[in-house]
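Each remark here refers to the structure printed beneath this line.
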Amino acid sequence: MDKKKLLRRVLGLVLAVVMVLPLTGPGMLIDASAVTQAEIDALKNNASNLASQKKDIQNQLKAVKADKSAAMQKKQLLEDQIDVIRQEIANINEQIAMYDQLIAEKTAELEQAEADEQAQFDLFCRRMRYMEEQGEVSYWSILFASNDFSELLDNYMMIEEIIQYDNQVIDDLTALQEKVTKDRTALEGAQAEQEEAKALQVAAQDELKAQEAEVDKLIAQINAQEDLLEEMEEELNKAAKALDNQIKAKEREYAAQIAKVPSESGFLWPLPGSYNTISSLAGGRIHPVTGKPSNHAGIDIPAPSGTNIYAAKSGVVIHAAKGTGSSWSYGNYVIVSHSDGTSTLYGHMSRIGCKQGQTVRQGDVIGYVGTTGRSTGNHLHFEIRVGSTRKDPVNYFKDKTLYVTSGGKKVSLW
Ligand SMILES: [Zn+2]
């Protein structure tokens with residue numbers, strides 16, 4: 000989520016809170032008689048805005064948490080790779096140490112061999128010196144000192160052996176020196192290769208550590224974002240709770256307001272008594288406008304435009320406006336809520352004669368007959384509801400003389 004988007008969310012939140020605040024501020028509580036359904040609906044609309052903002056924040060939080068989890072996985076992967084490389088470096092270090100030791104051993108071996116050769120040479124020199132001191136300077140003198148041929152041969156063999164032995168020692172030593180030098184060169188080469196490999200591993204480790212630092216930075220950013228969103232969610236929760244309390248309080252006030260108006264036991268016929276012919280009863284019928292079957296929710300009582308419409312029972316006007324959306328077909332219509340749990344609806348008015356929130360008495364004029372909305376002529380569409388269930392209004396006027404038009408003829412309903 001980019002920062003601009005986040006900022007917009009915060010601003011949206013602030014606006015939502017501002018919208019709520021004037022209603023919750025001290026001294027702002029309006030007189031109970033002024034509570035209207037529209038006010039409660041507006042509050043409920045605010046509440047639903049808050050709920051959708053909260054949902055939005057929660058979705059963002061979900062996305063942020065997913066980002067975080069991906070980043071943590073990446074970090075784990077890098078750490079695993081770093082561990083592998085660390086192990087590799089440790090192995091290479093061991094290898095280098097081993098080569099160090101081998102080189103030292105080879106060097107010692109060579110030194111030993113050189114010492115041995117030196118010792119051998121010293122021995123040879125001492126023997127020669129001894130022979131010189133004895134006056135037997137040369138091999139020849141040894142040979143000539145022989146008493147007979149057999150002794151001469153013996154002496155000759157002995158000298159030969161000494162010379163051969165010394166030559167052998169020197170040859171062996173030379174071979175050993177060559178081998179040691181070769182080994183040492185090979186070891187030093189291997190060691191150099193290992194050093195190079197180690198340098199590569201160290202570079203790779205540094206690169207991974209740099210990547211890990213980047214991921215750490217990212218995680219820190221995500222954490223900050225998460226904190227902010229959680230804070231916003233918390234604020235929204237608080238605002239929603241406050242609003243909810245406010246709606247409940249208003250609804251209680253509203254209910255109290257309706258309860259304050261006592262209901263009469265029966266309903267007053269909503270038009271002047273002379274308009275007592277019903278053109279359309281409640282229940283299944285062919286709709287006069289659409290020509291399709293419809294369940295007529297009330298009764299239609301024709302009367303000239305402008306005829307007074309009376310409140311059928313005392314109560315509080317909970318709707319007094321032109322229908323919109325699904326209630327468009329009612330035209331200008333009024334709903335009066337009564338404290339006995341019933342309500343009455345008056346549709347297709349030419350003009351509305353009351354205000355939402357207003358307390359009306361049975362028989363008060365609340366509007367005038369018209370043909371607004373989905374209507375074919377001037378008439379009152381009248382409904383009676385118990386709770387939210389529509390009832391057939393004629394059943395509440397059994398003691399009144401009512402007529403119904405059927406096949407162009409007017410017949411008594413009872
Ligand atoms: Zn009707």
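Counted from 1, the sequence shown has number 262 at position 263 by numbering that gives the first Met the number 0; the numbering is strictly sequential. Backbone N, C-alpha and C fix where the C-beta goes; we use that ideal spot for every residue, glycine too.
- Contact check for Leu186 and Tyr98: beta-carbon distance about 5 Å, within the 8 Å limit, so the pair qualifies.
- In the DSSP secondary-structure assignment, Thr276 is bridged to Tyr402.
- Met156 sits exposed, since fewer than 16 C-beta atoms from the chains shown fall within 10 Å of its C-beta.
- Placement of the Cβ of Ser68 at a distance of 7 Å or more from every heavy atom of ligand 1 is found.
- Shortest gap from the CB of Asp243 to any heavy atom of ligand 1: 7 Å or more.
- Taken from the Cβ of Gly272, every heavy atom of ligand 1 lies 7 Å or farther away.
- Leu344 sits in a strand when the DSSP states are folded into three classes.
- The three-state reading of DSSP puts Lys397 in coil, since its state is none of H, G, I, E or B.
- Remark: C-beta atoms of His337 and Lys354 do not approach each other more closely than 8 Å.
- Counting only the Cα atoms, Ala281 lies some 14 Å from Tyr345.
- Rounded to the nearest whole angstrom, the C-alpha separation of Tyr402 and Pro303 is 17 Å.
- Within the same chain, Cβ atoms closer than 7 Å to the Cβ of Val410 are found at Tyr402, Val403, the five residues on either side in sequence being excluded.
- Val168 and Arg128 have their C-alpha atoms roughly 20 Å apart.
- By the CB criterion at 8 Å, Thr358 and Ile383 fall outside the cutoff.
- Distance from the CA atom of Gly407 to the CA atom of Ala310, rounded to whole angstroms, is 30 Å.
- Under the three-state reduction of DSSP output, Val83 falls in the helix class.
- For Ser279, the CB falls within less than 7 Å of some heavy atom of ligand 1.
- Beta-carbon to beta-carbon, Ile84 and Gln204 are separated by about 5 Å, close enough to satisfy the 8 Å threshold.
- Non-local beta-carbon contacts of Thr370 in its own chain, meaning distances under 8 Å to residues more than five positions away in sequence, involve Ser304, Gly330, His347, Ser349, Gly376, Asn377, His378 in chain order.
- The Cβ-Cβ distance between Ala112 and Leu175 falls below 8 Å.
- A residue is called buried when at least 16 other Cβ atoms come within 10 angstroms of its Cβ; Phe396 meets this threshold and is buried.
- Gly297 has its Cβ nearer than 7 Å to a heavy atom of ligand 1.
- Ranking Gly366, Val214, Thr180 by CA distance to the CA of Leu270 puts Gly366 first.
- Within the same chain, and ignoring the five residues on either side of Asn236 in sequence, the residues whose Cβ sits closer than 8 Å to its Cβ are Lys53.
- Going by beta carbons, Ile91 and Gln193 fall inside the 8 Å limit.
- Counting of Cβ neighbours within 10 angstroms places Met231 among the buried residues, the total reaching 16 or more.
- In this structure, Asn275 places its C-beta atom within 8 Å of the C-beta atom of Thr400.
- Within the same chain, Cβ atoms closer than 8 Å to the Cβ of Ser262 are found at Lys312, Ser313, Gly314, His337, Ser338, Asp339, Thr341, the five residues on either side in sequence being excluded.
- For Val364, the closest of Val316, Ser387, Asp391 by C-alpha to C-alpha distance is Val316.
- The closest heavy atom of ligand 1 lies 7 Å or more from the beta carbon of His318.
- According to the DSSP secondary-structure assignment, Val333 is paired through a beta bridge with Ala319, Tyr345.
- The beta carbon of Leu109 lies closer than 6 Å to those of Val179 in the same chain, with the five residues before and after it left out.
- Secondary structure note for Asn307: its beta strand (DSSP E) is the uninterrupted segment 307-309.
- Look at Ser411 here: in three-state DSSP terms it is strand.
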